[in-house]
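In my numbering, the protein residues as written are 55 to 196. Virtual Cβ for every residue (Gly too), placed ideally from N, Cα, C. Okay, structure first, notes after.
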Amino acid sequence: MTDGRDQNSQQGQHGQQGQQYGGQQYGGQQYGGAPQAPGAGPDGGAVQRPSRGFEIAGFVLSFFGFLAIAGLIMSTISFRRLGRAGQPRGLSLAGIIISIVVLLLTIAGIIAAIVGASTLLETCADLGPGTHVVDGVTYTCS
């Protein structure tokens, strides 16, 4: 059994000289690349802030019925990206909230339309074909 110093010195020699496998030399390379300065991007330049396109598109789509689903997704993505970058994200938050409210109102409207249509069909089934006035409401059934 050898002490750790012998193994470390042998590993250090291999790291400096590299190892040969099949005629090619390996080793002595750093796999993470050179350390970068704080705030530097992968190419060494400054980190650019995330685009505001998703934020704006998500906000706009949040007002349009079932397109609010796309608005919710885009606003959520932009909210997370801007949060990681330390940028203000108020428009993204507004898009998320408006999307949720519009989706709930759209679903409630669809449910109300289905209930109204089913009530109308039941009433017409009871009254038969023709035009009928019931409690001041005119029904035209065919």
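Alpha carbon to alpha carbon, how far is G163 from R106? Give it in angstroms, no decimals. 32 Å
When DSSP builds the beta bridges, which residues end up paired with G184? C195
Between which residues of its own chain and T221 is the CB-CB distance below 7 Å, once the five residues before and five after are set aside? The requested residue 221 is not part of the displayed model; the chain covers only 55 to 196.
Counting along the chain, where does the alpha helix (DSSP H) carrying G125 start and finish? 122-139
What does the alpha-carbon distance come out to for the pair A167 and G144? If you take the alpha carbons of A167 and G144, they lie about 34 Å apart.
Just verifying my parser: in three-state terms, what is the DSSP assignment at D189? Here D189 sits in coil by DSSP.
Pick from C195, F117, G170, E109: whose alpha carbon is nearest that of L158? F117
Give me the Cα-Cα distance between T160 and A124, rounded to the nearest whole angstrom. One C-alpha to the other measures close to 14 Å.
Give me the Cα-Cα distance between L181 and S146, rounded to the nearest whole angstrom. 52 Å
Specify the secondary structure class of F118 as computed by DSSP and reduced to three states. coil
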